[in-house]
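As given, the protein sequences belong to chains P and S, one line each in that order. The opening residue of the first sequence carries number 1448 in our numbering; numbering runs sequentially from there. The opening residue of the second sequence carries number 8 in our numbering; numbering runs sequentially from there. Glycine residues also receive a C-beta, built at the ideal position from the N, C-alpha and C atoms. Keep in mind the model is a prediction, meaning the values are calculated, not measured.
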Amino acid sequence: MPLKIVNPIAIVGIKTVNILSIIKNVSILINEIFYWTLISPFKTGKLRLKSTFSEMVKIGYNSVPIVVVISFFVGMILALQSAYQLKKVGALIYVANLVGVSLTRELGPIITAILIAGRSGSSFAAEIGSMKSAEEIDALRSMGINPVSFLVSPKMMAMLIMAPCLTIIADFIGIFGGFVLSITAVGIHPHSYIQQTINALMVKDVITGLVKSIAFGAIITVVGAYHGFQVTGGAEEVGMRTTASVVSSIFMVIVFDLFFTVLFYYFT
Amino acid sequence: MDEKIVVKNLVTRYGNKTILKDISFSVQQGRITAIVGGSGCGKSTLLKHIIGLLKPASGEIWINGKDITKLSEMQLNDFRKSIGVLFQGAALLNSMTIEDNVALPIREHTHLNEATIKIMVKMKLDLVGLSGFGDFYPSQLSGGMKKRAGIARAMALDPEMLFFDEPQAGLDPITSAGLDALILKLRDIFKMTIIVVTHELHSLFTIADTIVMLDKGELIFEGTVEQFKNAQDDRVKRFITRTPEDENYCPEDYFNILTAD
């Protein structure tokens, strides 16, 4: 294909139009998802309980083993890295503070979000994308069934419930990982470690982490669904959109993490 | 005879390209209308407009006295309860059994109890000759069986109109003939208005009452099967006699295309 010389101003224009169209499509999707998830059940009294439970199992229950293993290791790594620095100033006991606070406020929600984006966000995009390419989405619409209501709202509902649940598990197991390492390799007394963790942790630390995790869950669902619905071609595009959904979910999670961290730093 | 569907001056575009150019025709109540034409002539796009999946650039589509191009998505959903559609690949939901696929529109749009739904599903599956296959998943069925299951799902809410997008595509002649017989049965027993998008000549002459032919987005013929067979239009004649189109370019042009940068 011969290279076409495009006016640089035209490039800016084309990019702007593209970005505006993405923003428009995402806004419409967010509007629809939240209407069908949070408003429609009160209006129509119709809850998709069966599919919501099935999604809860896929998103939550099936993710427990990987969340447990990863957060246990992260807790241990965190304890060891902080012990390495803190022992220089003779403040080894503060390993408990560092592990507890950083896991509940930051690492618990973010590790969980990244794992969910990799497991569930990608599967949302792949599932909806392959349904789109097999005309199943058109078939749903032709039966008078809204695809967002049928496919995405159970996923969103399940995600809003399971993301904080997984985060609580990640928090506990991470702290436990730090505890195990501290009492064995670092030599902190178990009772002191537990006492120190209880003293260091405040309810607001846990709450801010959970608020974050709910927001991350919503972001991952929206991004996965958006990429799924954007599929127009065949299998190759489904693969591309699946990858794109994971990359953009993780990117958006980090961006919103910064936003929430700044917000909570100043307002809690 | 009553006109069930009236399409007026329908124009649709993808970007700068015009796909359907000022299409106007009508579909009679209780008859089978076939939309025919070569690949890429806009048949499936026209069908998607008639079932409200796409919005036209301009024009009107009147069904049961309502212009469906002006309806909101909510109103369209109500309209779609009165129609059934069979897509090219049947478009059954792969994660569900055949029984659940057929039951889906009933569960979504009615408050019937499960026992009644089960009986209704059984009846629909019997109608299309798939009794005993309710517990199968779409991936376990052959192409023809999937299409039959798709018809059972399209019939779930006893619609007034049925739409078929290339029902014979990818089927062997015997299965295809079976499907034609089923379509005729639906018209005769249930007095349904049926639109079939196809390019299979044999099936076209077997099932169609009226024919609408498109060529490169233009409507070039509307009439009965007899009128279609006797049409004087070159493009219609070529379609019936299966004569290939002339090459669009001379050998020199072709050479230039091959050697161009």
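Query, Result
"Cβ pair F1481 (chain P), P1594 (chain P) closer than 9 Å", "no"
"Partner residues on chain P for D85 (chain S), Cβ-Cβ distance less than 8 Å", "G1591"
"Contact list for the region 18-30 of chain S against chain P, Cβ threshold 9 Å", "none"
"Closer than 7 Å at the beta carbon, the chain P residues around E173 (chain S)", "Residues of chain P passing the Cβ test: none, with the nearest at roughly 12 Å."
"Closer than 8 Å: A97 (chain S) CB and nearest the ligand SAH heavy atom", "The model on display carries no ligand, and the ligand SAH is accordingly not part of it."
"Beta carbon of I1518 (chain P) nearer than 9 Å to that of L1550 (chain P)", "Here residue 1518 (chain P) turns out to be Ser, not Ile, going by the sequence shown. Yes, the pair counts as a contact, with Cβ atoms nearer than the cut-off."
"For R242 (chain S), the first and last residue of its enclosing alpha helix (DSSP H)", "D241 to T248"
"Contact list for the region 1570-1586 of chain P against chain S, Cβ threshold 7 Å", "A1581, E1582, E1583, D1585 and A1586"
"Beta-carbon proximity list for V1633 (chain P), same chain, < 6 Å, skipping 5 on both sides", "A1530"
"Residue range of the beta strand (DSSP E) that includes D9 (chain S)", "No beta strand (DSSP E) holds D9 (chain S); DSSP gives it neither H nor E."
"Per-residue burial, C1612 (chain P) [other beta carbons within 10 Å of its own, 16 or more giving buried]", "buried"
"Cβ-based neighbour list, V135 (chain S), same chain, cut-off 8 Å, excluding 5 preceding and 5 following", "R155, A156, I158, A159, M162 and L189"
"contact_flag[the region 72-83 of chain S, the region 30-49 of chain S] where n(CB pairs < 8 Å) is 3 or more", "no"
"Minimum Cβ-Cβ distance from F1597 (chain P) to chain S less than 9 Å", "yes"
"Where M168 (chain S) falls: helix, strand or coil (DSSP)", "strand"
"A159 (chain S) at chain P interface by Cβ criterion, 9 Å", "no"
"Minimum Cβ-Cβ distance from R1566 (chain P) to chain S less than 9 Å", "no"
"The region 1697-1715 of chain P in contact with the region 41-53 of chain S per 3-pair CB rule at 8 Å", "no"
"Proximity test, Cβ basis, 9 Å: Q147 (chain S) and chain P", "no"
"Chain P residues whose Cβ lies nearer than 8 Å to that of P112 (chain S)", "M1590, G1591 and I1592"
"Residue closest to G1621 (chain P), alpha-carbon to alpha-carbon, out of P:I1635, P:K1490 and P:I1558", "P:I1558"
"Per-residue DSSP class, three states only, for L193 (chain S)", "helix"
"Per DSSP, the bridge partner or partners of A41 (chain S)", "S:V203 and S:I218"
"Residue of P:I1486, P:G1656, P:A1617 and P:A1560 minimising C-alpha distance to I1701 (chain P)", "P:A1560"
"DSSP beta-bridge partners of W69 (chain S)", "S:V13 and S:D74"
"Cut-off 7 Å between Cβ atoms - residues of its own chain near K1659 (chain P), not counting five sequence neighbours on either side", "P1556, D1704 and F1707"
"Supposed contact pair M1699 (chain P) and V1678 (chain P) - C-beta distance, whole angstroms, cut 8 Å", "Between M1699 (chain P) and V1678 (chain P) the Cβ distance is about 19 Å, and since that is not below 8 Å, they are no contact."
"Min CB distance G150 (chain S) to chain P below 9 Å", "no"
"Chain-ordered neighbours of M58 (chain S) on chain P, where CB pairs are closer than 7 Å", "This sequence places Ile at residue 58 (chain S); Met is not what is there. Result: S1589."
"Segment limits, beta strand (DSSP E) that includes Q95 (chain S)", "Run containing Q95 (chain S): none; DSSP gives neither H nor E here."
"Counted within 10 angstroms of its Cβ, other Cβ atoms place K153 (chain S) as buried (16 or more) or exposed", "buried"
"Helix, strand or coil at T231 (chain S) according to DSSP, with G and I counted as helix", "strand"
"is_contact[A270 (chain S), chain P] using C-beta, thresh 9 Å", "Summary: the structure shown does not reach residue 270 (chain S), with chain S confined to residues 8 through 268, and so no result is reported for it."
"Bridge partner(s) assigned by DSSP for Y21 (chain S)", "S:K24"
"Rounded C-alpha distance that separates V1693 (chain P) from M199 (chain S)", "47 Å"
"Chain P contact for E80 (chain S) (CB, 9 Å cutoff)", "yes"
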